[in-house]
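Protein sequence lines correspond, in order, to chains P and X. Count the first sequence with our numbering and you get residues 1 to 200, in order. Count the second sequence with our numbering and you get residues 1001 to 1200, in order. Beta carbons are placed, not taken as given, at the ideal position from N, Cα and C, and that holds for glycine. Step one of this worksheet: look at the structure below.
2 protein chains.
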Amino acid sequence: MNRQNVTRDKVLDVACRLFYSNGFKGTSVRDIAKEANVNVSLISYYFNSKQGLFESLAVSYFEPYLEILENEQLSEVDFTIDSLVRKILHYKQTNYQLSCLLYRELSLNTIFAKEMLVTYLAKENHLFSQLLFQKSSHREINYKEKLCLLQFKGLLNAPFMMPNDFMDPYFTEASINHFVKVYSELMSNYKSVQKLAARV
Amino acid sequence: MNRQNVTRDKVLDVACRLFYSNGFKGTSVRDIAKEANVNVSLISYYFNSKQGLFESLAVSYFEPYLEILENEQLSEVDFTIDSLVRKILHYKQTNYQLSCLLYRELSLNTIFAKEMLVTYLAKENHLFSQLLFQKSSHREINYKEKLCLLQFKGLLNAPFMMPNDFMDPYFTEASINHFVKVYSELMSNYKSVQKLAARV
DNA sequence: GCACTCCTTTATCTATTATTCGACAAATAC
DNA sequence: GTATTTGTCGAATAATAGATAAAGGAGTGC
């Protein structure tokens, strides 16, 4: 590739690591530039602003993520919750830092992230509702289902929102697969989704 | 009380709200002072520093929280996971903003919060391990149990780490109780803890 | 009245922030 | 070869950050 992309990618890579460690507000563009061995001005040059840099990271995470959910929705015949869970966990684990930092920033009330990513979140919720409860129906979700969905997402996100409690020390493809296996088996003992789905 | 405490409490209250909304780094002491209608210098006067203010908030959350867990551990006779879950959920929900902001800051890698609160977290983990798996034993926790504990904590924290997916609009004692009831019932369908505990 | 402590204010200091500007180099187009 | 785009750099800007110093005010004890 031309030199543009190598610099750009280096910035994205470093930004991801630093945003993950220190948060968006806790990371200065100078920190990123220094760590990536590039000039500060280049960040504005490539991403317009610090926010634009964050936006690039966010899009690079959510686009493939939602694609997984959409593909799962299309393959109606051999769909199981377990296979969905495994695919999501695998994706999140291979993008560990992004998963962590994005959901953290999303928990803020005012930051732009919320306005920027609200569309993605709405889409995710819609797909989850369809996949778990009421395929192709437009019925409004009720309080209990809402909480159940929250628990389901909580289980999927726990490893990435509580880094103090779990951090894969190896991070090889094998260790990721092992994590996915054990974690999804434990999740299969969570029966609320099935019970609510069957009730309909 | 004398005027000290009214000012101090006002600062704590506003700080909690702003830290919750904008994060620690995203909130300036000037913002807090303005919103609380006090002079900026008073924050240094009462809490020494911005970090000291955060520390006061953190302690005020974790001390009563761990007390709940310790009391639960002592009453060995009538202990059930369900009653534990309800007590924790009720406490967290009545301290909604604190729950949310503290666990968010804890997910950062470098911030002082981690060093400051690591003791609390270790204690929480220890008590959970005893309560859920191996009362009074010192056996090292294994990988599967570790992930199970992670899922358990993920379920307990989900409502407070994903404010986009759940926010009680009323926040009365009645609505909190209703939430605790429905949420804990759904959680009771998560059988991994019981299965692992029985295996021993 | 005097000394003392506690609370509050005004003003200021130093460091760091994101962003922008103008200049320079290198590659590409023609 | 010349012109033009593309990438890079150093310096500067204006705003804001947390923290502090010095002094005034209010109440209390004596």
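query                                                                                                                                                                  : result
Can you name, in chain order, every residue of its own chain whose Cβ lies under 6 Å from the Cβ of H178/P, other than the five neighbours on each side?               : none
Between L1101/X, M1167/X and S1188/X, which lies nearest to M162/P when the distance is taken from Cα to Cα?                                                           : L1101/X
If we define contact as Cβ-Cβ less than 8 Å, is N164/P a contact residue for chain X?                                                                                  : yes
Given this structure, state the Cα-to-Cα distance separating V1014/X from R1104/X, to the nearest angstrom.                                                            : 18 Å
If we define contact as Cβ-Cβ less than 8 Å, is Y1065/X a contact residue for chain P?                                                                                 : no
Where does the unbroken alpha helix (DSSP H) through P1064/X begin, and where does it stop?                                                                            : K1050 to L1074
Could you give the distance in angstroms between the alpha-carbon of P159/P and the alpha-carbon of D168/P?                                                            : 10 Å
Identify every residue that forms a DSSP beta bridge with Y190/P.                                                                                                      : Y1190/X
Can you tell me whether L149/P is buried or exposed, with buried defined as 16 or more other CB within 10 angstroms of its CB?                                         : buried
Report the CB separation of I1202/X from V1193/X in whole angstroms; it is logged as a contact under 8 Å.                                                              : Within the shown structure, residues of chain X are numbered from 1001 to 1200, placing residue 1202/X beyond reach of any answer.
Using Cβ-Cβ distances below 8 Å, what residues of the segment 1138-1167 of chain X are close to chain P?                                                               : Y1143, K1144, K1146, L1147, C1148, L1149, L1150, Q1151, K1153, G1154, L1155, N1157, A1158, P1159, M1161, M1162, P1163, N1164, D1165 and F1166
Listing by chain order, which chain P residues have their CB less than 8 Å from the CB of N1109/X?                                                                     : Y20, S21, N22 and P163
So the alpha helix (DSSP H) D1078/X belongs to, where does it begin and stop?                                                                                          : From DSSP, D1078/X is part of no alpha helix (DSSP H); its letter is neither H nor E.
Tell me whether I1204/X sits in a helix, a strand or coil according to DSSP, three-state version.                                                                      : What is shown of chain X runs 1001 to 1200, which leaves residue 1204/X out entirely.
Could you please give the first and the last residue of the uninterrupted alpha helix (DSSP H) stretch that includes G1154/X?                                          : Y1143 to M1161
Does DSSP put P1083/X in a helix, in a strand, or in coil?                                                                                                             : Inspection of the sequence shows that residue 1083/X is occupied by Ser rather than by Pro. Of the three classes helix, strand and coil, the one that applies to S1083/X here is helix, per DSSP.
For V1059/X, is the classification buried or exposed, using 16 other Cβ atoms within 10 angstroms of its Cβ as the cut-off for buried?                                 : exposed
Is the shortest distance between the beta-carbon of S52/P and the beta-carbons of chain X less than 8 Å?                                                               : The sequence as given places Gly at residue 52/P; Ser does not occur at that position. G52/P does not count as touching chain X.
Give me the chain P residues within the contact set of V1182/X, using Cβ-Cβ distance strictly less than 7 Å, ordered along the chain.                                  : Y143, K144 and L147
Below 8 Å on the Cβ atoms is my guess for K1146/X versus F166/P; work out the distance and round it to an integer in Å.                                                : 7 Å
Between M1116/X and chain P, is there a C-beta pair that is closer than 8 Å?                                                                                           : no
Determine whether the Cβ of N1189/X lies closer than 8 Å to any Cβ atom of chain P.                                                                                    : yes
Please classify Q27/P: is it buried, with 16 or more other beta-carbons within 10 angstroms of its beta-carbon, or exposed?                                            : Residue 27/P is actually Thr in this sequence, not Gln. The residue is buried, with at least 16 neighbouring Cβ atoms inside 10 Å.
In whole angstroms, what is the alpha-carbon distance linking D78/P and Y1120/X?                                                                                       : 45 Å
Buried or exposed for M1/P, going by 16 or more other Cβ atoms inside 10 Å?                                                                                            : Confidence at M1/P is low in this model, with a pLDDT of 42, below 50, so its placement is unreliable and no value can be given for it.
Could you say which of F19/P, R139/P and K34/P lies nearest to L1108/X if we only look at CA atoms?                                                                    : F19/P
Would K1181/X be called buried (16 or more neighbouring beta carbons within 10 Å of its own) or exposed?                                                               : exposed
Just to confirm my understanding: we take K123/P, look at its own chain, exclude 5 residues before and 5 after, and list those with CB closer than 7 Å. What are they? : L66
Under three-state DSSP, which class holds N125/P?                                                                                                                      : helix
Chain P partners of L1186/X, CB-CB under 8 Å?                                                                                                                          : K144, L147, C148, Q151 and S192
If you follow the alpha helix (DSSP H) that Q1134/X is in, where does it begin and where does it stop?                                                                 : First-last for Q1134/X: undefined, no H or E at that position.
Over the uninterrupted alpha helix (DSSP H) stretch that includes S99/P, give me the two end residues.                                                                 : Y96 to L106
Taking 8 Å as the CB-CB limit, is C1016/X close to chain P?                                                                                                            : no
Indicate whether at least one CB of chain X lies closer than 8 Å to the CB of L131/P.                                                                                  : no
Answer with buried or exposed for R139/P, where buried requires no fewer than 16 other C-beta atoms within 10 angstroms of its C-beta.                                 : exposed
In three-state terms, what does DSSP make of S1028/X?                                                                                                                  : coil
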